[in-house]
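Protein chains in written order, with full-length UniProt numbering: chain P, 1 to 144; chain F, 1 to 144. Yeah, the Cβ is synthetic: ideal placement off N, Cα and C, and Gly gets one too. Only a predicted model underlies this, so the values are computations on that prediction, with no experimental measurement involved. Notes follow the structure.
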DNA sequence: CTGGATGCAAACTGTTTGCATCAGA
DNA sequence: TCTGATGCAAACAGTTTGCATCCAG
């Protein structure tokens, strides 16, 4: 149920004294609709443009920042010069990215395998890990 | 022996019909001197400025790009809006980064542990991994 | 009604490019 | 000599900011 998720976010906004504006609603709705995609500010802006031409690019940026801060979205960067955002899968259930060096396609994989690695690092180095980002580069099935 | 490493790179440049210019020499020398540091173009530019004020920022960018392409340097991004470069430790001996969320300090660790992970991924997903970038976020010993 | 949110345009930052000049091979 | 490399300035892309206006609470 998508709007259930949305309502949860709206709740949270209110609780933290942020206003629930139509712009914020629209942007969240877009991400819920495109669950799993990694959208840039520009892309969000362009899509919304069609149905809501009043929304400004600055508002998109501000809203994406806000949502990232509230952990509604996760901020990503694939080193193409622009930040991307994706819906943060509720509870800490990360996934990571396989980036095809040829066609640029981005595949994903879960991070269960990484937990063991984290433990080993924590044991070796005096560093408390609380998050990680992993990117693998290579060639997807269509490209080799 | 540092200039041995430098000479190797100069060799390579010549072999690939790139010219060995004083600017390229200076930039490489800087990275050799600051081995292990992650320098941004701006930083390289500012440091060189002191001893070689003629060198232009555009040249720094072009040279960093070139070196990255030749695998002399490795291009990194710590999501602070600017690219950084570090000396690429000769043969494929990667290390990865532990980024302190509090003070921004960047620690490093080797990647021997990751190999097993790669194999598991390759087995599961149809994707030929040829490189990876891993970043862990957390708190370093001074910050928790 | 009131302060936070918005839209717009201008400012900013990091990076790239066009072009005349320079210099390594 | 002659093409690739440089320096400079202008152009660019993505993002941020100032400010008058608007509207959710």
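Pop quiz: residue i and residue j are said to be a contact at Cβ under 8 Å. What is the actual Cβ separation, rounded to whole angstroms?
{"i": "residue 29 of chain F", "j": "residue 58 of chain F", "result": "Contact flag wrong, Cβ pair sits at about 19 Å."}
{"i": "residue 86 of chain P", "j": "residue 73 of chain P", "result": "7 Å"}
{"i": "residue 42 of chain P", "j": "residue 82 of chain P", "result": "7 Å"}
{"i": "residue 71 of chain F", "j": "residue 88 of chain F", "result": "5 Å"}
Under 8 Å, do residue i and residue j count as touching if we go by C-beta distance?
{"i": "residue 84 of chain F", "j": "residue 39 of chain F", "result": "yes"}
{"i": "residue 63 of chain F", "j": "residue 121 of chain F", "result": "no"}
{"i": "residue 130 of chain P", "j": "residue 45 of chain F", "result": "no"}
{"i": "residue 132 of chain P", "j": "residue 135 of chain F", "result": "yes"}
{"i": "residue 77 of chain P", "j": "residue 80 of chain F", "result": "no"}
{"i": "residue 10 of chain P", "j": "residue 20 of chain P", "result": "yes"}
{"i": "residue 55 of chain F", "j": "residue 15 of chain F", "result": "no"}
{"i": "residue 128 of chain P", "j": "residue 61 of chain F", "result": "no"}
Please list the partners that residue i has in chain F, where partner means a Cβ-to-Cβ separation under 9 Å.
{"i": "residue 38 of chain P", "result": "In chain order: nothing, as chain F lies at least about 14 Å away."}
Which residues bound the alpha helix (DSSP H) around residue i?
{"i": "residue 20 of chain P", "result": "Careful: residue 20 of chain P lies outside any alpha helix (DSSP H) and carries neither H nor E."}
{"i": "residue 70 of chain P", "result": "No alpha helix (DSSP H) holds residue 70 of chain P; DSSP gives it neither H nor E."}
{"i": "residue 42 of chain F", "result": "41-51"}
Residues of chain F with CB closer than 7 Å to the CB of residue i, please, in chain order.
{"i": "residue 79 of chain P", "result": "77"}
Please list, in chain order, the chain P residues whose beta carbon lies closer than 8 Å to that of residue i.
{"i": "residue 134 of chain F", "result": "132, 133, 134, 135"}
{"i": "residue 121 of chain F", "result": "98, 109, 113, 136"}
What is the residue span of the beta strand (DSSP E) that residue i lies within?
{"i": "residue 132 of chain P", "result": "127-140"}
{"i": "residue 54 of chain P", "result": "Here residue 54 of chain P belongs to no beta strand (DSSP E), and DSSP marks it neither H nor E."}
{"i": "residue 86 of chain F", "result": "83-87"}
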